[in-house]
Amino acid sequence: MADDDEERPHEPRHAGTARLEERGTTTIADKVVERIAVIAAREVDAVTQGGGWTRLVGRGLPRVSAVVAGGTSRVSVEVATAWPKPLSAVATHVRDHVSERVTALSGITVTAVDVTVADVVHVDSAQRRVE
Numbered sequence: 000m001a002d003d004d005e006e007r008p009h010e011p012r013h014a015g016t017a018r019l020e021e022r023g024t025t026t027i028a029d030k031v032v033e034r035i036a037v038i039a040a041r042e043v044d045a046v047t048q049g050g051g052w053t054r055l056v057g058r059g060l061p062r063v064s065a066v067v068a069g070g071t072s073r074v075s076v077e078v079a080t081a082w083p084k085p086l087s088a089v090a091t092h093v094r095d096h097v098s099e100r101v102t103a104l105s106g107i108t109v110t111a112v113d114v115t116v117a118d119v120v121h122v123d124s125a126q127r128r129v130e
C-alpha cells in the first residue's frame, strides 16, 4: 500500500494546484468580442436594425469591429436608433452596456467603445405606408 502523501498518477490534478504555465492559455478572438458586442448593442431598447438601404443591401445594424490585444479590447459600434430618442443618451447607454457585457462574458477589459449612430428610423413609418 502506498503512502498517502505520494502523488498518485491516476488521480486528476486540480486546476488550482497546477502551476500557471501547466494550465495553458486562453485566447479570445476578435470575432467573439464582436459577436458579444452586437448582441449587447441589440439589447439596448432604443437600438433598431436600421431601415431603408441598410436592410436592402444586407448590411443591417448594429455593426461592430473589435481589436483584442492581450487582455484588453477596443470596440467600435455602429447602431441605428428609433426616432425620437436623444442620440447622446442612446450612445452612452450602448457604450456602457457593450463594455459591461464584453467584460462580463469574456473577461477582457474594454478600454474604449466608440459609438456611431449611423441611422435614425421612424418606427411607425412602415405602418404609415401600409395605410
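Quick note on numbering that gives the first Met the number 0: the sequence shown kicks off at 0 and runs consecutively.
Each residue gets a CB set at the ideal place from its N, CA and C atoms; glycine is no exception.
In this text the structure is predicted, and so the values were computed from the model without any measurement.
Can you say whether residue i is buried or exposed, counting buried as having 16 or more other CB atoms within 10 angstroms of its CB?
i    : result
D113 : exposed
H121 : exposed
S105 : buried
E99  : exposed
E33  : buried
A111 : exposed
V66  : exposed
E130 : With a pLDDT of 40 at E130, under the threshold of 50, the predicted position of this residue should be treated as unreliable, though the coordinate-derived value follows. Per the 10 Å Cβ criterion, exposed.
P61  : buried
R18  : exposed
D118 : buried
Where does the unbroken alpha helix (DSSP H) through residue i begin, and where does it stop?
i   : result
R94 : L86 to S105
Would you mind giving the Cβ-Cβ distance between residue i and residue j, rounded to the nearest angstrom? I have them listed as a contact below 8 angstroms.
i    : j   : result
A40  : V89 : Actually they do not touch by this definition, with Cβ atoms about 10 angstroms apart.
V116 : I35 : Not a contact, Cβ separation roughly 20 angstroms.
Out of the options, which has the shortest C-alpha to C-alpha gap to residue i?
i   : options                 : result
P83 : A45, R22, R18 and I38   : A45
S64 : V116, R94, D29 and V78  : D29
T47 : E21, T25 and A79        : A79
T38 : T26, V97, A103 and V109 : Reading off the sequence shown, one finds Ile at residue 38, where the question assumed Thr. When each option's Cα is compared against that of I38, the closest is V97.
V31 : D95, V74 and A81        : V74
S72 : T24, V109 and I27       : V109
G69 : I27, E42 and T91        : I27
What are the boundary residues of the beta strand (DSSP E) that residue i is part of?
i    : result
V122 : First-last for V122: undefined, no H or E at that position.
Quick one: which unbroken alpha helix (DSSP H) runs of 4-plus residues sit fully inside the stretch 34-73? Chain order, please.
52-55
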